[in-house]
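Here the protein sequences line up with chains A and B, keeping their order. In terms of the numbering used here, the first sequence has 26 at position 26, counting the first letter as 1, and numbering is strictly consecutive. In terms of the numbering used here, the second sequence has 9 at position 9, counting the first letter as 1, and numbering is strictly consecutive. All C-beta atoms in this analysis are idealised placements derived from N, C-alpha and C, irrespective of residue type, glycine included.
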Amino acid sequence: MASQTDPALRALTLATRTAVAMLGPGDEAHDVAQEVALRVLERRRQLRDPEKFDAWVHRIAVRETLRAQRKRTHRRRAEAPLDETSEALAAAAIDLDGQLDAAAFAREALSRLGERERLVLVLRYVHDLPDSQIAAILDCRRGTVNSLLSRARDRMRAMPIATQEGGAR
Amino acid sequence: MNDERVIDHLVSLRELEPSPAQAARLRAANVRRRRSLRKALALALVLVAGTSTLATALIADTSGPRPPARVVEASVPADATQLFGALRRPASPAERSTAVRTVVSDRLGAPYVVEPSSIRAVGTTPLGDAAYLLYARMDGGLPDRIEGVAVVVDGLGSEGPYPLEDVRRGVAWGVHGERLMTVLVPDGVASVRVTLDDGTRAAAPVRDNVAFMALDARAPVATVRWLDPRGEIVATHRF
Numbered sequence: 001m002a003s004q005t006d007p008a009l010r011a012l013t014l015a016t017r018t019a020v021a022m023l024g025p026g027d028e029a030h031d032v033a034q035e036v037a038l039r040v041l042e043r044r045r046q047l048r049d050p051e052k053f054d055a056w057v058h059r060i061a062v063r064e065t066l067r068a069q070r071k072r073t074h075r076r077r078a079e080a081p082l083d084e085t086s087e088a089l090a091a092a093a094i095d096l097d098g099q100l101d102a103a104a105f106a107r108e109a110l111s112r113l114g115e116r117e118r119l120v121l122v123l124r125y126v127h128d129l130p131d132s133q134i135a136a137i138l139d140c141r142r143g144t145v146n147s148l149l150s151r152a153r154d155r156m157r158a159m160p161i162a163t164q165e166g167g168a169r
Numbered sequence: 001m002n003d004e005r006v007i008d009h010l011v012s013l014r015e016l017e018p019s020p021a022q023a024a025r026l027r028a029a030n031v032r033r034r035r036s037l038r039k040a041l042a043l044a045l046v047l048v049a050g051t052s053t054l055a056t057a058l059i060a061d062t063s064g065p066r067p068p069a070r071v072v073e074a075s076v077p078a079d080a081t082q083l084f085g086a087l088r089r090p091a092s093p094a095e096r097s098t099a100v101r102t103v104v105s106d107r108l109g110a111p112y113v114v115e116p117s118s119i120r121a122v123g124t125t126p127l128g129d130a131a132y133l134l135y136a137r138m139d140g141g142l143p144d145r146i147e148g149v150a151v152v153v154d155g156l157g158s159e160g161p162y163p164l165e166d167v168r169r170g171v172a173w174g175v176h177g178e179r180l181m182t183v184l185v186p187d188g189v190a191s192v193r194v195t196l197d198d199g200t201r202a203a204a205p206v207r208d209n210v211a212f213m214a215l216d217a218r219a220p221v222a223t224v225r226w227l228d229p230r231g232e233i234v235a236t237h238r239f
């Protein structure tokens, strides 16, 4: 874990986890994390309560990640129609050697959820935050967090299951 | 189950750390930003004042008094007048007065250039200071020079200039000394609601494209909401 005494590195660490979970590994996620850390550096004097540092960074990271994701969505829509079939989900789960690629499968499954459903999953399972903090970061009620989590898991369960044989069932 | 596999993947990211290269890149970018800001300010000041002495003084002490902004007659871009009703109404004799120009020029300061025909009085802040909206640009032909709409508060200072795109995106706001928040909005926004990270909420009507709120703004701003004349939220900007 990054040192608490280095706010920029702490911000970079938190933002990297959020961005990689939401955007996948790659330059785009690292650029977002970098931007978040720089913003934190620039504005850190505004924060008077050090206890709220992580929540503040999460807010910035969420905003920057969504911005990058929306740009990407616009780009993809302009380039090609969305694939609405289950084949992409199944294909994502099988790498070139025919092995199940859990990370690729997870990213594809996450991409089929709504923005806020994805964010709630990331804040809960990547950052291990309680409902109250997630609600504060997303500016919503705790009940909304619970229902978003529940709906996200239901939707993922309903997705076609990829197998090592390469198909969806 | 699909959901468990996704959750396992997300949990595995708890251990993810930035690479040493990323951390080094962050340090380098931070140094570059600081240097480029200082260089831009120094260069602009040299162009405005024509001396390197003042630029040296600025680098040495950025908190010291700045020379006033220059006042140069020029036209206000059409997209600015389209966005701000305040800029479309005729300027009053008081707004055209030398006294007001001096206040605006002093408060905005170098390296900016004030377009005097754009100065509009936008009322008094909750702290009792007269405020003005105007169009300003950074002097000197810098490649990334800033130009846009600024708000000057007599007795406090200035916010902006904000590029018009920043206004449209809802990021044209600032806080003077943690006690006065200024929000610039385009036409059609009748009031503004602000929430800080600590839960503090404030609201204010918009007059001449500007809203002022007196608040204890020690926590960062979390959301700025724009409302139309019926009180309906037309945009929520999260920070």
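{"Asked": "Secondary structure of residue 213 of chain B, DSSP reduced to three states", "Found": "strand"}
{"Asked": "Residues, ordered as in the chain, of the segment 158 to 177 of chain B that lie near chain A by beta-carbon distance below 9 Å", "Found": "175"}
{"Asked": "Selected residue, minimal CA-CA separation from residue 222 of chain B, among A:149, A:157, A:140, A:152", "Found": "A:140"}
{"Asked": "CB contact check: residue 126 of chain A to chain B, cutoff 9 Å", "Found": "yes"}
{"Asked": "is_contact[residue 9 of chain A, chain B] using C-beta, thresh 9 Å", "Found": "yes"}
{"Asked": "C-alpha gap between residue 76 of chain B and residue 118 of chain B, whole angstroms", "Found": "7 Å"}
{"Asked": "Any 3 or more C-beta pairs closer than 8 Å across the segment 196 to 205 of chain B and the segment 167 to 180 of chain B", "Found": "no"}
{"Asked": "Sequence-distant residues of the same chain with beta carbon closer than 7 Å to residue 204 of chain B, five excluded per side", "Found": "191, 192, 211, 212, 213"}
{"Asked": "Nearest-angstrom beta carbon gap, residue 23 of chain A and residue 23 of chain B [assumed within contact, 8 Å]", "Found": "The pair is not a contact, with the Cβ atoms about 19 Å apart (cut-off 8 Å)."}
{"Asked": "Test: residue 71 of chain A CB closer than 9 Å to a CB of chain B", "Found": "no"}
{"Asked": "C-alpha distance - residue 137 of chain A paired with residue 96 of chain B, whole-angstrom precision", "Found": "46 Å"}
{"Asked": "Chain A contacts from the segment 192 to 214 of chain B (Cβ-Cβ distance under 8 Å)", "Found": "195, 197, 198"}
{"Asked": "Any 3 or more C-beta pairs closer than 8 Å across the segment 11 to 27 of chain A and the segment 56 to 72 of chain A", "Found": "yes"}
{"Asked": "Contacts of residue 121 of chain A in chain B (Cβ-Cβ under 7 Å)", "Found": "10"}
{"Asked": "Cβ-Cβ separation, residue 18 of chain B to residue 33 of chain A (assumed contact under 8 Å), whole Å", "Found": "7 Å"}
{"Asked": "Distance, residue 130 of chain B Cα to residue 121 of chain B Cα", "Found": "8 Å"}
{"Asked": "Environment of residue 52 of chain B [buried if 16+ CB atoms lie within 10 Å]", "Found": "Interpretation of residue 52 of chain B is limited by its pLDDT of 45, a score under 50 that renders its predicted location unreliable; the figure taken from the coordinates is listed afterwards. Exposed, by the Cβ-count rule."}
{"Asked": "Minimum Cβ-Cβ distance from residue 134 of chain A to chain B less than 9 Å", "Found": "no"}
{"Asked": "For residue 230 of chain B, three-class secondary structure by DSSP", "Found": "coil"}
{"Asked": "Proximal residues to residue 20 of chain A (C-beta, below 6 Å), its chain only, five neighbours per side dropped", "Found": "29"}
{"Asked": "Cutoff 9 Å: residue 145 of chain A Cβ touching any chain B Cβ", "Found": "no"}
{"Asked": "Alpha-carbon spacing of residue 46 of chain A relative to residue 109 of chain A, whole angstroms", "Found": "38 Å"}
{"Asked": "Cutoff 9 Å: residue 16 of chain A Cβ touching any chain B Cβ", "Found": "yes"}
{"Asked": "Pick from A:105, A:118, A:63, A:144 that is closest to residue 2 of chain B, judged by C-alpha positions", "Found": "A:105"}
{"Asked": "3-residue-minimum beta strand (DSSP E) runs that sit fully inside the segment 79 to 141 of chain B, ordered along the chain", "Found": "112 to 114, 120 to 124, 130 to 138"}
{"Asked": "Residue 68 of chain A at chain B interface by Cβ criterion, 9 Å", "Found": "no"}
{"Asked": "Cutoff 9 Å: residue 239 of chain B Cβ touching any chain A Cβ", "Found": "yes"}
{"Asked": "Residue interval of the alpha helix (DSSP H) (run including residue 144 of chain A)", "Found": "142 to 157"}
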